[in-house]
Amino acid sequence: MYHKKFYFNKADAYTILQQAHQHIPAAQPHCGSIKEHVKWYFPKSAYQNPARIFVLYFENPARALACKHAIRNLFPGLQYRSIHINDYHSETIELAEFFFNA
């Protein structure tokens, strides 16, 4: 098991969202720019608390989706933005390298 405290700063927030949400344009005023997403995903209080990063492997995407919903149901009031599950293995590798090599 690997455990590491990771505190985001604004540069990390931009990097992680650009990797995890590549469909979001870098700058598009009032149309969902990456800057707006950073503000929504990372409210000011998010920088004060350590992130919890878990890397899991599922052979079946349906099971991954079911687990994602089960995790959210364990924590009533947990907002959607607080859990990200990648769609592709390559995304998981990129994000794991970002967090565990930082």
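Residue numbering for the sequence shown follows numbering that gives the first Met the number 0, starting at 0 and increasing by one per position. Don't be surprised by glycine CBs; every beta carbon is placed ideally from N, CA and C.
Query raised in the report: By the 10 Å Cβ neighbour count, where 16 or more other Cβ atoms means buried, how is Tyr40 classified, buried or exposed?
Result: Result: buried.
Query raised in the report: Distance, Cα to Cα, Lys3 vs Ile92?
Result: Between the C-alpha atoms of Lys3 and Ile92 there is a straight-line separation of about 17 Å.
**Report entry** Cut-off 7 Å between Cβ atoms - residues of its own chain near His83, not counting five sequence neighbours on either side
**Finding:** Ala19
Query raised in the report: Between the beta-carbon of Ile23 and the beta-carbon of Phe97, is there less than 8 Å?
Result: no
Requested in this report: Could you have a look at Asn85 and say whether DSSP puts it in helix, strand or coil?
Outcome: coil
Query - Of the residues Ala45, Gln17, Ile52, Glu90, the one placed nearest Phe99, counting alpha carbons only - result: Ile52
Requested in this report: Using 10 angstroms around the beta-carbon of Phe7, count the other beta-carbons present and answer buried if the total reaches 16, otherwise exposed.
Outcome: buried
Report task. Rank Asp86, Tyr13, His88, Leu55 by C-alpha distance to the C-alpha of His36 and give the top, closest one. Result -> Tyr13
Query raised in the report: In angstroms, rounded to a whole number, what distance separates the CA positions of Pro75 and Ala45?
Result: 18 Å
Query raised in the report: Between the Cα of Lys38 and the Cα atoms of Lys9, Ala65, Val54, Tyr56, which residue gives the shortest distance?
Result: Lys9
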